[in-house]
Structures are given as C-alpha cells and as structure tokens.
Ligand code: ASP
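In my numbering, the protein residues as written are 81 to 442.
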C-alpha cells in the first residue's frame, strides 16, 4: 500500500464531532459526518490522504463506551491492518483518553499509526474545532504512515502519546493534556514531530494481535479527607482484583488511620493489587518519599509513579488478562511497558535532588 498514496481507515465511533441538531437535542446521526466531510473542499485537497470511513453501529456518546467497544475498535485495526497505512479513530472526547490508553495495551505490536481525535463542537458548527482536528490528523497519518507508530491522540494542534493523555477541560478547545510527558508533535505552520518520543516500529510492519480487556474486575478510587475505612472495605471487596488508588500529593494517604491501613493490608493479603497514582495533574506517586507513603507500601500498595488513572486502569485490565499472579501484576504495573510511565530513575535530576533531600527527613 505504501508505494502508492497512503490509505487511511477512519473508524468512526461517535461523539460530538458528528452530531446533528435535532428536535431532541444534539445526537450522532448515521452518515452525517461522512456527508459533511465529502462536501467540504479542504477534505478533497491533494495532500489529504485517501480515506474510507468505517462507521460503528450504533454511533455512541463516548460516555457509553465499555471495554467491548475498545475491542471492536482494536479488531477493526487488526482486521484491516494490511489494507491501510494508518488508522484514525474518531471518538467522543469524554472517554477518549481511556480508549487511547486501552488500545496501547490491546494492540501489540503496532508498527502503523493509530490516532484518536474528536472535537468539542460538531463539524457542522461554524466555529468548530472538528475541521482542524480531523484534517490535521489525516495529514499526519498521510505524511508519516511508516514512522508515527503506536497510539496517539491529536487535539487542538497537539499530538500526544495516547496513554499519557487525560481530558482536562470540558469547555475549551484545549480539552486534552499529557501532564507528565511532553507532546509528541505540534501543528503550527509546519507539522513538527519529535521522533525521539515515538516508539521505533518494525519494517515491514507486523500484524498486531489483540488482547481483549474487561475480563478482570478493576476500579479507581479517589481518597478524600474523612474517608471511612468501612467505605474503603466496600471498594476493595471481592470480586475486585485491582484498584487504582488516587492518593494525595506524592502518593500520600491518612497513615495515622489504622482502620484505613488495615483495609488495605487485608485486601492485599486477599490478592487485590492496589496501585497508587497522584491526584494532582502533574507529578509522580512514589511511596518511598514520605512516611505517609511508606505506610501504604507496608500495607502492600505499589507506586504507579506518573501514570494517569486512565493508563493505570487499562494496564491493570491488561495484566490480569495475562493470568499473572497478583505478585507478578504488582511487579509489572510499576514498570514501563508501553511508554505509559516514567520510571523513578528517569525523572528529571531536579526532582531526583528534591527526593533525596526529602528522604533525609524521614
Ligand atoms: N459526550 C461527548 C462524547 O464523549 C462529548 C464529546 O464528544 O466531546 O461522546
């Protein structure tokens, strides 16, 4: 395929981007997005790669997506892999970061580009962000069909590593950020990609295998002052296998609360894997840093470092799918598997210095 002009498959799952104003409010309408793309001159420009739209039935608001839909997307990529040079997943913004994270674990190896995009306003609106998000994603896929390997998310002139993204704004066109990993690319006058931030693919590309997620029971839970241990017991109760624990600051929790620590310890002893991530948008949850974090580590909680909740959840689903023991899941969840995590020895030297200084206070 790559000898001729690049061919792109657009997997259209739904979202605001293709919605139509109807008497019942905005809703996705079958064929509407394609009709508009076909009617807009920029989508017919010579430098826009040839694309074909595969529309999901039904089209969904991404709030309704489940691991079953992740699997449908992953299978479309796998089944049409030989026929296309790149894949554009058109998706609602609300859970796009979850899908991007999940696909990065589900599709391996991935030697061709997959970009997720969507928009805050429908393509039909005058001030829409859909046009530039769609067009630039198509241009990126058409320009770098062989180099832009892996799962990415493009939004508002930024190309991000998919499993580093999170939705940060419900109103702005800058809806996404990649708080702990710099953008992979920027669309200004030029389309600039920092290739050191893109995983090297194999040539010729090998077809991916798909791991279905959703078989395990995992969840996420945000700590808050005043949390009762009984409540935590419920969160950790069977059949739960893994929990992403959104901790304070650098991975801190109410370590003076014995009932809280007991709940964690008992769940760990039952085989529940508890991964600490940080509530602040930026930074890392490292349980070695403070006594309050070490109390968590003593109760069996492991550091999720700078993973987003979205990536940590997807990773837990993925690791349990491999039928690993809880011990093995605990070990692997702390390692960088798909570029989703910065290992503690690779954090910037200034942060390293701060860590060593803080360690002196313990
Ligand atoms: N609720 C919509 C969705 O996620 C929002 C959007 O697309 O921006 O499908």
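Using N, Cα and C, we set each Cβ at its ideal position, and we do this for glycine too.
Residue i vs residue j beta-carbon contact at 8 Å
i           : j           : result
residue 184 : residue 420 : yes
residue 357 : residue 381 : no
residue 368 : residue 422 : no
residue 365 : residue 330 : yes
residue 160 : residue 113 : no
residue 273 : residue 224 : yes
residue 228 : residue 278 : yes
residue 345 : residue 379 : yes
residue 375 : residue 335 : yes
residue 145 : residue 179 : yes
residue 122 : residue 211 : yes
residue 293 : residue 394 : yes
Proximal residues to residue i (C-beta, below 6 Å), its chain only, five neighbours per side dropped
i           : result
residue 81  : Confidence at residue 81 is low in this model, with a pLDDT of 47, below 50, so the placement of that residue is unreliable and no value is reported for it.
residue 296 : 321, 397 and 400
residue 267 : 216 and 237
residue 128 : 218
residue 442 : Here residue 442 scores only 43 on pLDDT, less than 50, and its place in the model is too uncertain to base an answer on.
residue 174 : 142 and 143
residue 98  : 108, 112 and 113
residue 416 : 423
residue 120 : none
residue 251 : none
residue 409 : 353 and 399
residue 158 : 288 and 290
residue 373 : 331, 332 and 367
residue 231 : 180, 183, 184, 194 and 242
Inter-residue CB distance, residue i and residue j (contact presumed, cutoff 8 Å)
i           : j           : result
residue 156 : residue 134 : 6 Å
residue 391 : residue 181 : 4 Å
residue 186 : residue 291 : 5 Å
residue 389 : residue 300 : 5 Å
residue 139 : residue 94  : 4 Å
residue 303 : residue 333 : 6 Å
Same chain, Cβ closer than 7 Å to residue i, five either side skipped, listed in chain order
i           : result
residue 383 : 331, 356, 365, 366, 367 and 414
residue 316 : 323, 343, 347 and 352
residue 263 : 238, 239 and 240
residue 319 : 297
residue 189 : 282, 286 and 288
residue 253 : 200, 209 and 236
residue 362 : 259 and 260
residue 116 : 203 and 204
residue 191 : 229, 281, 282, 285 and 286
residue 313 : 343
residue 418 : 184, 185 and 243
residue 406 : 351 and 353
Close beta carbons around residue i, own chain, < 8 Å, minus the five adjacent residues each side
i           : result
residue 448 : With the chain covering only 81 through 442, there is no way to say anything about residue 448.
residue 221 : 86, 88, 129, 165, 166, 167, 168, 193, 195 and 228
residue 137 : 110
residue 131 : 87, 88, 89, 90, 168 and 218
residue 377 : 367, 368 and 383
residue 92  : 98, 113, 114, 133, 134, 135, 136, 139 and 170
residue 360 : 329
residue 100 : 106, 107, 108, 109, 112, 202 and 204
residue 126 : none
residue 213 : 97, 197, 198, 199, 234, 235 and 236
Closer than 8 Å to chain C by CB, residue i
i           : result
residue 336 : Chain labels in this structure do not include chain C; a single protein chain is all it has.
Under 8 Å, with one C-beta from each stretch per pair, do the region 193-201 and the region 223-238 reach the 3-pair mark? yes
Would you be able to state if there are at least three C-beta pairs under 8 Å between the region 211-220 and the region 303-313? no
Determine contact between the region 239-247 and the region 145-156, defined as no fewer than three beta-carbon pairs at a distance below 8 Å. no
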